[in-house]
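Undergrad: These protein sequences, in sequence, are chains A and B.
Just so we're aligned, residue 1 is where the first sequence starts under our numbering, counting upward by one.
Just so we're aligned, residue 1001 is where the second sequence starts under our numbering, counting upward by one.
Here it is: the structure, laid out below.
Protein chains: 2
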Amino acid sequence: MVPEVRALTFDVFGTVVDWRGSIIAEGIGLGREKGIAVDWPKLADAWRAGYHPSMDRVRRREIPWTGLDALHRMTLDRLLVDFEIGGLTEAEKDHLNRVWHRLRPWPDALPGLARLKQRYIIAPLSNGNVALLTNMAKNAGLPWDCILSAELAHAYKPDPLAYQTAAELLGLPPRQVMMVAAHQNDLRGAKAAELRTAFVPRPAEYGEGRTLDLTPDPDFDVVATDFLDLARQLGA
Amino acid sequence: MVPEVRALTFDVFGTVVDWRGSIIAEGIGLGREKGIAVDWPKLADAWRAGYHPSMDRVRRREIPWTGLDALHRMTLDRLLVDFEIGGLTEAEKDHLNRVWHRLRPWPDALPGLARLKQRYIIAPLSNGNVALLTNMAKNAGLPWDCILSAELAHAYKPDPLAYQTAAELLGLPPRQVMMVAAHQNDLRGAKAAELRTAFVPRPAEYGEGRTLDLTPDPDFDVVATDFLDLARQLGA
């Protein structure tokens, strides 16, 4: 237990929801419906691989502040060419781009968040834009107390400003806010902004059989196997 | 029914919650506990009377952006002198100032919002800061999909920027967002930003027997007697 903590902020893609499995499942359905053959696991991975480079363009101020929906769309438009996916209307492309609004939670996420919510303020703190996170919560039943996003700071994580802005909006000093994430660079950014840190590795994020080094940085305050274990460790 | 509308944004103080009744009730409890005699209805009215003048100082840029918690506290500090309320510790003053985080909903608010949430995205759009609205929602069980606030635009309603920023964060054109309020100037601001408008008069807001002109502006899209009537009219 970390006695001072009042609020938990959660990374979302990979930590709360299984982006890869969700995109593959929707893609397979779309492919069947439209009669197109696509390697959806490969497309999902390529889409996600575009994530950091697209945010880097904003971070380096090559382009003005651009929300994640628009960045996802830029990457998708390129992938539709690379994967030779033709015949989609603008409405269908927009719908596919919004698959990120419809991602499915990991099995422990909803019961874990329900328990954590009883004791803490819980909020996403994602690089996803507010609309994306709001629609995802409504679709998946994520019981957030409020929606926080890098969009509200116009600074993508791990920029310390993203975390500082979240704590400020919660009306709390950073030490009373704990960042929960499956990604160590996110937690290091949170720590640089003086938030507490909880590491919840998600070994299946990039698919079964992918080997990632998930050895936790010894500086994290909490390491948990999933959100139910996190709730136990945080007394919720 | 207004077919295009996807999200409803709600004024909070007076529209969703009974600020006056809540402050009086908590004040009476505090007075009893501390052995102080205060005219709490008068104090509640004086506190609220400080609301617009304090925001006007921000609007005129006499002071930099200041959240509502801090503005409430400036007014409270003056009222503690005017009402000769002594003997409160800093922690007690802070707790009293946060009575605005603990306001109680009007009786129709929770059942009405539950119905509206099934069909629409629902969010507060208040001059209250994000922390205040988040704590209030958690305390009162308000089932918002996300928390929107003038704080996110650094512009107090009825500045059109407050409404435009809300629509932008929701990822919707203003015409797909409907502002719900008990105050006509709020709705006129929303209309200036091209949002739809729903007027829900709250004749008891300033206490029973106060006569306010609540004749609705004929330009509003919807006029409803309470949130259940609003749900009926909006097909929810």
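C-beta atoms are modelled at their ideal positions from N, C-alpha and C, and glycine is treated no differently.
For clarity, every value in this text was computed on a predicted model and none was experimentally measured.
Given that D145(A) touches chain B, what residues does it touch there, using C-beta distances under 7 Å?
TA: Stepping through the first sequence from its first residue, residue 145(A) is reached at position 145. Under the 7 Å cutoff, chain B gives T1134, A1137, K1138.
Undergrad: Could you please give the first and the last residue of the uninterrupted alpha helix (DSSP H) stretch that includes I1024(B)?
TA: For the purposes of this step, residue 1024(B) is identified with residue 24 of the second sequence, where counting begins at 1. From DSSP, the alpha helix (DSSP H) with I1024(B) extends over 1019-1034.
Undergrad: Determine the chain B residues that contact A131(A) at a beta-carbon separation under 8 Å, and present them in chain order.
TA: As a working note, residue 131(A) is residue 131 in the first sequence. Going along chain B in sequence order, the residues near A131(A) (Cβ under 8 Å) are L1169, L1170, G1171, L1172.
Undergrad: Using a Cβ-Cβ cut-off of less than 9 Å, give me the residues of the region 1114-1130 of chain B that come near chain A, in sequence order.
TA: K1117, I1121, A1123, N1129, V1130
Undergrad: Does the beta-carbon distance from L1076(B) to N1129(B) come in below 8 Å?
TA: As a working mapping, residue 1076(B) is identified with position 76 in the second sequence. As a working mapping, residue 1129(B) is identified with position 129 in the second sequence. The answer is no: Cβ separation not under 8 Å.
Undergrad: What does a CB cutoff of less than 7 Å around A49(A) pick up in its chain, not counting 5 residues either side in sequence?
TA: Your numbering for residue 49(A) matches position 49 in the first sequence. Beyond the five residues adjoining it in sequence on each side, A49(A) comes within less than 7 Å, by CB distance, of no other residue in the same chain.
Undergrad: Looking at chain B, is there any beta carbon in it that lies within less than 8 Å of the beta carbon of D77(A)?
TA: By one-based count along the first sequence, residue 77(A) stands at place 77. So, not an interface residue.
Undergrad: Can you tell me which residues form a DSSP beta bridge with E1010(B)?
TA: If you number the second sequence from 1, residue 1010(B) lands on position 10. Rather than Glu, the amino acid found at residue 1010(B) in this sequence is Phe. According to DSSP, residue pairing for F1010(B) in a beta bridge involves P1124(B), V1180(B).
Undergrad: Output the distance between the C-alpha atoms of Q164(A) and P1064(B), rounded to the nearest integer angstrom.
TA: Counted from its first residue, the first sequence places residue 164(A) at position 164. Counted from its first residue, the second sequence places residue 1064(B) at position 64. Approximately 19 Å between the Cα atoms of the pair.
Undergrad: Could you tell me whether the Cβ atoms of L116(A) and F227(A) are closer together than 8 Å?
TA: Within the first sequence, residue 116(A) is the residue found at index 116, counting from 1. Within the first sequence, residue 227(A) is the residue found at index 227, counting from 1. Yes, the pair counts as a contact, with Cβ atoms nearer than the cut-off.
Undergrad: Closer than 8 Å, CB to CB, is L1068(B) near chain A or not?
TA: For the purposes of this step, residue 1068(B) is taken as residue 68 along the second sequence, with counting starting at 1. So, not an interface residue.
Undergrad: With DSSP collapsed to three states, give me the class of R1115(B).
TA: Along the second sequence, read from residue 1 onward, the residue named residue 1115(B) stands at position 115. If DSSP states are grouped into helix, strand and coil, R1115(B) belongs with the helices.
Undergrad: If L1170(B) sits next to V1180(B), beta carbons under 8 Å apart, how far is it from one beta carbon to the other, in whole angstroms?
TA: Here residue 1170(B) is taken as the residue at index 170 of the second sequence, counted from 1. Here residue 1180(B) is taken as the residue at index 180 of the second sequence, counted from 1. Actually they do not touch by this definition, with Cβ atoms about 14 Å apart.
Undergrad: Out of curiosity, what's the CA-to-CA distance linking A198(A) and L1071(B)?
TA: Your numbering for residue 198(A) matches position 198 in the first sequence. Your numbering for residue 1071(B) matches position 71 in the second sequence. Rounded to whole angstroms, A198(A) to L1071(B) spans 35 Å at the Cα level.
Undergrad: Indicate the three-state DSSP secondary structure (helix, strand or coil) for F220(A) in the structure shown.
TA: Residue 220(A) sits at position 220 when you count from the first residue of the first sequence. Three-state result, F220(A): coil.
Undergrad: What would DSSP say about A198(A), mapped onto helix, strand or coil?
TA: The residue you call residue 198(A) lines up with position 198 of the first sequence. Reduced to three states, the DSSP call for A198(A) is strand.
Undergrad: Measuring only the C-alpha atoms, how far is N139(A) from I1036(B)?
TA: Your numbering for residue 139(A) matches position 139 in the first sequence. Your numbering for residue 1036(B) matches position 36 in the second sequence. When rounded, the distance between both Cα atoms is 50 Å.
Undergrad: Can you tell me which of H1154(B), E1194(B), R1188(B), A1155(B) puts its alpha carbon nearest to the alpha carbon of L1172(B)?
TA: The residue given as residue 1172(B) occupies position 172 in the second sequence. Considering only alpha carbons, the answer is E1194(B).
Undergrad: Does the separation of the CB atoms of I147(A) and I1121(B) fall below 8 Å?
TA: Locating residue 147(A) in the first sequence gives position 147, counting from the first residue. Locating residue 1121(B) in the second sequence gives position 121, counting from the first residue. Going by C-beta atoms, I147(A) is not nearer than 8 Å to I1121(B).
Undergrad: Answer with buried or exposed for T1009(B), where buried requires no fewer than 16 other C-beta atoms within 10 angstroms of its C-beta.
TA: For the purposes of this step, residue 1009(B) is identified with residue 9 of the second sequence, where counting begins at 1. Result: buried.
Undergrad: For L152(A), which residues in chain B fall below 9 Å Cβ to Cβ?
TA: What you label residue 152(A) is simply residue 152 of the first sequence in a count that begins at 1. The answer, in chain order, is V1130, L1152, L1169.
Undergrad: Run through the DSSP bridge pairs and tell me what P105(A) is partnered with.
TA: The residue given as residue 105(A) occupies position 105 in the first sequence. Bridge partners of P105(A): V17(A).
Undergrad: Can you tell me which of the three DSSP states L1148(B) falls into?
TA: Position 148 of the second sequence holds residue 1148(B). In the structure shown, L1148(B) sits in a strand (DSSP, three-state: E or B).
Undergrad: Nearest to L79(A) by alpha carbon, out of E92(A), A44(A), V17(A)?
TA: Position 79 of the first sequence, counted from the start, is the residue given in the question as residue 79(A). When only C-alpha atoms are compared, the closest one is A44(A).
Undergrad: Return the CA-CA distance between L1110(B) and G1029(B), expressed in angstroms with no decimal places.
TA: The residue you call residue 1110(B) lines up with position 110 of the second sequence. The residue you call residue 1029(B) lines up with position 29 of the second sequence. The C-alpha of G1029(B) is placed about 25 Å away from the C-alpha of L1110(B).
Undergrad: Would you decide whether Q1118(B) is buried or exposed? Buried here means 16 or more other CB atoms lie within 10 Å of its CB.
TA: Reading the second sequence from its first residue, position 118 is the one you call residue 1118(B). An exposed status is given to Q1118(B), since fewer than 16 other beta-carbon atoms sit within 10 Å of its beta-carbon.
Undergrad: Report buried or exposed for N185(A), applying the criterion of at least 16 other Cβ atoms within 10 angstroms of its Cβ.
TA: Taking the first residue of the first sequence as 1, we reach residue 185(A) at position 185. Burial call: exposed.
Undergrad: Classify L142(A) as helix, strand or coil using the three-state DSSP reduction.
TA: Here residue 142(A) refers to the residue found at position 142 when the first sequence is read from its first residue. In this structure, L142(A) counts as coil in the three-state DSSP scheme.
Undergrad: Can you tell me where the alpha helix (DSSP H) with R1060(B) in it begins and where it stops?
TA: Counting from one through the second sequence, the residue named residue 1060(B) turns up at place 60. Counted as a single uninterrupted DSSP element, the stretch harbouring R1060(B) is not any alpha helix (DSSP H), since DSSP gives it neither H nor E.
Undergrad: Just mark P143(A) as buried or exposed, buried being the case when its beta carbon has 16 or more other beta carbons within 10 Å.
TA: For the purposes of this step, residue 143(A) is taken as residue 143 along the first sequence, with counting starting at 1. With fewer than 16 Cβ atoms within 10 Å of its Cβ, P143(A) is classed as exposed.
Undergrad: I need the boundaries of the alpha helix (DSSP H) containing P1003(B), first residue and last residue.
TA: For the purposes of this step, residue 1003(B) is taken as the residue at position 3 of the second sequence. Here P1003(B) belongs to no alpha helix (DSSP H), and DSSP marks it neither H nor E.
Undergrad: For G189(A), does the count of other Cβ atoms within 10 angstroms reach 16, so buried, or fall short, so exposed?
TA: Numbered from its first residue, the first sequence carries residue 189(A) at position 189. Under this definition G189(A) is a buried residue.
Undergrad: From P1160(B), T1211(B), A1166(B), pick the residue whose C-alpha is nearest to that of K1191(B); which is it?
TA: Within the second sequence, numbered from 1, the residue matching residue 1191(B) stands at position 191. Nearest of P1160(B), T1211(B), A1166(B) to K1191(B), Cα basis: P1160(B).
Undergrad: Below 8 Å, can you find three or more Cβ-Cβ pairs linking the region 100-108 of chain A to the region 9-22 of chain A?
TA: yes
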